[in-house]
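Residue numbers (the numbering used here), protein chains in the order written: chain A, -9 to 275; chain B, 2 to 510; chain C, 7 to 330; chain D, 1180 to 1740.
We put the CB at the ideal spot given by N, CA and C, even for glycine.
Owing to the predicted nature of the structure, the values given are computational and were not obtained by experimental measurement.
Below is one structure, written out as structure tokens; the observations come after it.
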């Protein structure tokens, strides 16, 4: 796996070199990741300390971004709230990528009947609206980071499976796969060295899309009260709650919304650039 | 493309016209949810009651003052032994034009108490022994044993009188189009959207109702509900979210009608874990600063409760009992230590993510109890999930918010009467205290008000000792009413959920 | 042979597959529902009282919930095959009727949203593609990226704040029957449709741009230029027609996704559609309602996808031939 | 008529202008066909696009003029230039199917071209288009009018393109590799058509190609381009008879002409520049009395082709009763046009797909139904060189990994010995040692094919199947690879199954030749015999279609000198 990782790092470096504007967004994303890693250390105050005497205040010296309905410090909650969001997004994307890629490769490289079965199953899963499936699934599991990761991860498996299947079909048609077979290479080797590294770029692009979608889905579920269990904050949940306090403290909804939109924006922009970068047709024109 | 253009044109035109009322004489009532059913015998929640109180009337109901008011019964008499009740019916008509007769009353009560009945108040009404109908307008009900709160149970919306013919036709299909003797006639129930009722000209109160029709529109989301009244989509909303109360108060076109009535409390699993010990439950009561909940989950709109949720001025209330507890973390810690938990413990707190105030109460309680070392993890399923766990006793602590059903102190039975079965919504799981059960039984059957008051004083003392609940606060319960509406009234105390009856007085300006 | 007639066997075969898919969906939903904690009976029996265990048992028997799950499933499936979706556990109302009332509203919202999306997204995408690499392109592209990055509920809340409460131009929420008051009906449709449509417009614009660029790079465009055709005619007569194929696909897919994807917007605007009904039914553990609703959504999704494929093959003569 | 003066074109890059065409000058007279020949990347297509005013946005003309009857086309406003395109200058492209709009009927596309430039009614335009379709000899012109491009063959599409190009009687026609995507017999027809029309219409044709044979057969004069510059211009016959420049000489020498003489390789550009010839190793000739290495008996393979929307699939017999034998150290050439079943046959031999019936014996052993596992050891004996050196190398692996792959798969030796062997192999095929750690995209096509050959030789096979192994390479590179293959055959006693559609190449390398048509072998025999006296009519048609360059003897004289 070190080679694909190195490949990704190289690609990102090339990308940053060829498009200066992307560097800015990579910086934004790096900052967000940094906050996700060290947010709890950066939080100026206890994000869970309730202060009934200072609820829904605007920005002040004590609370640079103001307070929420429990009088908790919004800045601290914002800094902490990114972590479950990112954990869910990354975890779900990892599950979706692993599961979907495996299924997709089997569907395209395995026997015909298996491919048909897998792709029909994928169609079935796609015909469920994701948020409703999540609604049901989160309902019978305990809500929380781990179940969200699993549920959202499973939800996006079909998307990855489709991408992986299409990409694998293209790769399998190429002569170097034929060459491997003609040398007597076992399937294991063909998948590991022939297929996987060569379908990586569409998968990376799909991963950025899934990452963004998972963040939005997590926030949507949290918005419906099915996401992260309070008092643990997450951005989506903060937005959902803050929507009710638009009248009392308009900035309350602004901070998490802006942060969320910025994160998704950064991921989407980098994803777009990656796609352009990895797709030689688009690079030429 | 054309569609969008016409949309834009529509929007622009409407902007010019402003949002005028849709039809003269129509009242739009925004409800906090869609009733699952309009079946009269089941208490299906506040929205269902609100609609049913427009369609149905009982022998008695709670009137605008909060007192029992004679409705289909002009008057009633109680025999000296309190076993026989004689009701005198007034001249009233059902919506199908037939008169309300003694036979209808008998049929209704038989229907509610039938063996297979799923009526919510079947147990209470089953105290009825016989029903006699000496003439068309007279009903004599004999009880098996004295039951002082009996008229109160008859006054509940669930005891509304139905036509005998309707019962004969629809006993098995209670969701059939309802027919009652109330001020409004049922028109349609468009699922997912609204129930429409229209003025019933044959209503027995002269000059009422003054409104041609009422649309009960369902707004499950509280923010949407508030938006609806602020933008004039509806005229009244129930269950005003506490966080929006202040803003609605400031709105010149809207009046906020608030009463203190329902209360918030914690229920406990009294069989397993630390909370089986009354001292731990008392420690919880001492540990929670009530204002922390009121100010955060209810935006300051409530009154602290430091004893048992007995309303002031009713039996069982006393200054001392009402201030039995106080915010005293040291005492709470001492009690914990006494119970064998000097360093606190971990437990589960069940609430629901579906209703903001339930969830926020849980968050505040969690924060408060953390201060004495009780670490609670929140369990926040949806309402149905919470109900299932509640009735299965699958919790350590549970946030509950409710009100008594009737204004008679017997409402306490519903909460404190113990038993071995678990299908109990409002009781702390497995709580069963013989002394409390005996006192509740005594209270029901004691005729003399002075003696009865004494019984309830003793009950309150015992309840404080055993503390199966920790009462947190009286919460304000509000309706928001646009100024075009006159005559709607939020009934005081527990009756706030029956305020829907006052739509018969509503006049639109 | 007319292409439409030639498609009949394909459609029939696809419909057969669709039925199998629906069966899988139904089974999956049924299994998930019974794993969901919560008991419909407890909810049915009322709010503020303590039902007796006998009453609980009686109601359970009456609703048939005491039977083995497999029996309940087969029973339900048999009903569905006969076109009977069963009745709501809560109030005995026919599920099919519920769906008949709510589905058109969701469809209306979805179609209106798509219209908004196409009307905004298509010109933006074309404009961006034709100005590739210019400042206008990067501005438009950034705007579309922003469009898909903002959660729909933030957008919706913002629109309510501005247009309903601030300017008081449009109602914040609700639904009025077309027959009762057409003007009011459309006034109430505007905000939810725009809220949903803006996000979609962003993805349609991106798709249009990418598709246009792809086609512009094809060999035949060079031929058209060599023929002496002007750029405008090349774009409108040839490039757009080729680019339309993937765009039609994405619009169709979005319509399919929208049927279940309106949940948040329906909640936000109190739009009494299928999604609202479904969420409520889940809350009430009203099993027949949930199954009916999800089955309907899945069926609509599959049908729309099928329709998209057919349109696709009608648009593209190559696929008409190539597909099995 | 058309006069190019000092034309220079450059690409705009981040590092500044990178010249692609430098100081090109030539002219074409009406009725004349000027062949512009050059290898890939020589700038010939860019030049033609400049004439049409269709340069890609990142290319600019840095100097020069393009004069059409005295008007500098480069200076015309876009609208004026547009009006000339199609009417006065038209163009024919390489890939005819991709060059037509897939969504419009062929007839409509031609009608559209007429209506763009002439004020006549649609009905008249339709009549004219139909007439043209007849003139370019499309079979069933009425059907072709209604057909979508994908419903016609490549050759038919090219006729449509030609019809479209001549429809407004242009004075100049630019044909950019018009026959490269076509089979040789079709190529012949298209070229004949071009010539014929040229005579009728009297246009000046600029014929751009990499194929010297096509030039020789069609052009009146030839201009040779190399690295963006024009190296030589002459009348066609003169050029082939007396090439002046070393590059031209190398190019002509690199063309396979007739049988390979023992020990004598093809001339390469480098060799021509150095004035030397390239010798190849002498090999031990095959022994026809020995048992054959590979023997194929009555092999059948058919597969189902989906029949479009119409229900029911067609069955295509891709390999139909094929019998062949290959002896050790022998080269068997398998020749046939695209879709004749050559590749299916090679896949069957490699056991990459299963035959329906028949038998295959390798070194006397029946391998027809060996299990994949039992087949593994045999894969050391047979290896394969593929057509597309871009596609047959995994782009994510280094040369060391690529060439070492067979060793790893067959568990040959330890890491150190493998490394040493890979290094030797790489050197053996003429690549520098430094190549080991690089990735395929860092190499040119010819170098990549060397990597493929190194990989094929890694396990010392006895039989190498070369499936269109040199078809994708430029002429000069093709010569190098053919020379390399010959060297390796001598050194390792290899037998080759050499599959190609290019008759000159097959003739050059093969001892014996099998001609395949529609899944069947129509003729087999020694190479000389087949080329001297083809018996089968298909073989004859094939041979007559091959473009020959005049003065074949000139080449031999040149190299012999």
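query: Which bits of chain D does residue 133 of chain C rub up against, with CB to CB less than 8 Å?; result: The contacting residues do not exist; residue 133 of chain C stays about 18 Å from chain D at best.
query: List the DSSP bridge partners of residue 1268 of chain D.; result: D:1264, D:1351
query: State the CB to CB distance for the pair residue 1640 of chain D and residue 1630 of chain D, rounded to an integer number of angstroms; the pair is presumed to be in contact (CB under 8 Å).; result: With a Cβ gap of about 16 Å, residue 1640 of chain D and residue 1630 of chain D do not count as contacting.
query: Under a three-way DSSP split, which group does residue 1664 of chain D fall into?; result: helix
query: Quick one: list the residues of chain C neighbouring residue 431 of chain B, beta-carbon separation under 9 Å, in chain order.; result: Those do not exist, as residue 431 of chain B stays about 14 Å from chain C at its closest Cβ, beyond 9 Å.
query: If you count every other CB in all the chains shown that lies within 10 Å of the CB of residue 1222 of chain D, and 16 or more means buried, which is it?; result: buried
query: Tell me whether residue 1276 of chain D, by its Cβ, gets closer than 8 Å to a heavy atom of the ligand SAH.; result: The ligand SAH is not part of the structure shown, which contains no ligands of any sort.
query: Got a sec, what are the start and stop residues for the beta strand (DSSP E) residue 1195 of chain D sits in?; result: 1195 to 1207
query: For residue 25 of chain A, which residues in the same chain have their Cβ closer than 8 Å to its Cβ, ignoring the five residues on either side in sequence?; result: 32, 69, 72
query: Measuring alpha carbon to alpha carbon, tell me which residue in A:186, A:192, A:149 is nearest residue 203 of chain A.; result: A:149
query: Secondary structure at residue 249 of chain A, three-state DSSP: helix, strand or coil?; result: helix
query: Under 9 Å between beta-carbons, which chain A residues line up against residue 244 of chain B? List them in chain order, please.; result: 46, 59, 234, 235, 237, 238
query: Quick check on the burial criterion: 16 or more other C-beta atoms within 10 angstroms. Buried or exposed for residue 162 of chain C?; result: buried
query: How would you call residue 469 of chain B, buried or exposed, if buried means at least 16 neighbouring beta carbons within 10 angstroms?; result: buried
query: Give the range of the beta strand (DSSP E) segment to which residue 1562 of chain D is assigned.; result: 1561 to 1564
query: I'd like to confirm the pairing. Which residues does DSSP put opposite residue 1538 of chain D in its beta bridges?; result: D:1476
query: Three or more beta-carbon pairs under 8 Å between the stretch 1641 to 1650 of chain D and the stretch 1670 to 1684 of chain D, yes or no?; result: yes
query: Just to confirm my understanding: we take residue 147 of chain A, look at its own chain, exclude 5 residues before and 5 after, and list those with CB closer than 6 Å. What are they?; result: 86, 89, 90
query: Is there a Cβ of chain C sitting closer than 9 Å to that of residue 482 of chain B, yes or no?; result: no
query: Unbroken alpha helix (DSSP H) runs of length 4 or more, entirely within the stretch 1356 to 1429 of chain D: which are they?; result: 1363 to 1380, 1391 to 1397, 1415 to 1420
query: Mapping the DSSP letters down to three states, classify residue 95 of chain B as helix, strand or coil.; result: coil
query: Does the beta-carbon distance from residue 51 of chain C to residue 295 of chain C come in below 9 Å?; result: no
query: Note down the Cα distance separating residue 482 of chain B from residue 148 of chain B, rounded to an integer number of angstroms.; result: 38 Å
query: Check the Cβ-Cβ distances between residue 1291 of chain D and every residue of chain C, and say whether any is below 9 Å.; result: yes
query: Out of curiosity, what's the CA-to-CA distance linking residue 77 of chain B and residue 88 of chain B?; result: 4 Å
query: Can you have a look at residue 3 of chain A and say buried or exposed, based on whether 16 or more other CB atoms are within 10 angstroms of its CB?; result: exposed
query: Taking only beta-carbon positions, decide if residue 1481 of chain D is within less than 9 Å of chain C.; result: no
query: Around the C-beta of residue 12 of chain A, are 16 or more other C-beta atoms found within 10 angstroms, so that it is buried, or is it exposed?; result: buried
query: Looking at the C-beta of residue 27 of chain A, does it have a partner C-beta in chain B at a distance below 9 Å?; result: no
query: Determine the DSSP secondary structure at residue 1705 of chain D, reduced to helix, strand or coil.; result: strand
query: Around the Cβ of residue 258 of chain A, are there at least 16 other Cβ atoms within 10 angstroms (buried) or fewer (exposed)?; result: buried
query: Between which two residues does the alpha helix (DSSP H) harbouring residue 290 of chain C extend?; result: 280 to 290
query: Mapping the DSSP letters down to three states, classify residue 204 of chain C as helix, strand or coil.; result: helix
query: Step through the CB atoms of chain C and report whether any lies within less than 9 Å of the CB of residue 1357 of chain D.; result: no
query: Between C:185, C:122, C:167, C:184, which has its C-alpha nearest residue 177 of chain C's C-alpha?; result: C:167
query: Taking the DSSP output, what are the residues bridged to residue 143 of chain B?; result: B:85, B:131
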